[in-house]
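Data first, discussion second: the structure below is written as structure tokens.
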Amino acid sequence: MADRYCSNCASNIFELVTLTDIMNYRGSKYKIEYNAMQCASCKEAFLTGEQSQIVSSKLVNSWRKDNDLLSSQELQRIRNKINYSKAKLGRLLKKDENTISRWEKDLSAQDFAVDRDYRVLDLVDEDPDLVKKFFPDIDLSSVSNEYELITIDIEIKRSVELQYREIIYEYSDSLVIDFTNWERLMDDSIENDLSSCNDSEVQRVAISRFGYSGVQLAA
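Quick look at the structure:
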């Protein structure tokens, strides 16, 4: 770094050091270990552009982990899953392309509402109707053929759900179905399940895992 001079003593001799500091990000404090350049003469330290980006990434990911938010890799995976460019996804989420890029580069973290939006988009191969409900203008035409196959599978599951509604109806005129245990429903005989259930257990006979809090089935 012969072309750079220390702002404190004008020396141009620097060395790589490892430092530890308590840093703040969005109101939370984190102990971050990082590399920096230090003046060999006066010990004044500074960050290069690359070092600064690494520190930013550590802070962002610490905050995401604390708040159970998706990582940058997961955000990029979901964007690729729906085959959207950063610009196109930005328009869908009402964000600019640069913001999408900063999230994917760990330069900043998405907020809770946007994190929820990404999680909804991740359901495109499980529940496209839910995705369309949240994003009426979404273009699913570019999603891969895998999406089409899984969609067919989901339609089969919904068909099974409709077949079992008559059985469920025998136990309650108005029944709240808790959406938690679809796999068990597909593997076991629901008639056997229901015949041995009391009323409260019947309400836990599940049909899906799509994230709904429940569905009201009325007579």
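Start counting the sequence shown at 1452; every next residue gets the next number (our numbering). Cβ coordinates follow ideal geometry from the N, Cα and C atoms, glycine included.
- Task: Can you tell me the Cβ-Cβ gap for Lys1480 and Thr1471, rounded? I've got them flagged as a contact below 8 Å.
- Result: Going by Cβ atoms, the distance from Lys1480 to Thr1471 rounds to 13 Å, so no, they are not a contact pair.
- Spatial distance of Gly1478 from Leu1510 (CA atoms): 12 Å
- Please work out which residues of its chain come closer than 8 Å, Cβ to Cβ, to Ser1492, disregarding the five sequence neighbours upstream and downstream, and give them in chain order. Cys1457, Cys1460, Ser1462 and Ile1464
- Task: Per DSSP, which residues does Lys1556 bridge with? Please list them.
- Result: Bridge partners of Lys1556: none, in fact.
- Query: From what residue to what residue does the beta strand (DSSP E) around Tyr1485 run?
  - Reply: Ser1479 to Cys1490
- DSSP beta-bridge partners for Leu1510? Beta-bridge partners assigned by DSSP to Leu1510: none are found.
- Would you report the Cα separation of Thr1499 and Ser1523, rounded to the nearest angstrom? The C-alpha of Ser1523 is placed about 22 Å away from the C-alpha of Thr1499.
- Task: Name the residue from Phe1586, Val1506, Ile1551 and Tyr1476 whose alpha carbon lies nearest to the alpha carbon of Ala1487.
- Result: Val1506
- Spatial distance of Asp1557 from Asn1518 (CA atoms): 15 Å
- May I ask you to report which of helix, strand or coil DSSP gives Leu1470? strand
- Task: Taking 8 Å as the cut-off, decide whether the C-beta atoms of Leu1574 and Val1565 are in contact.
- Result: no
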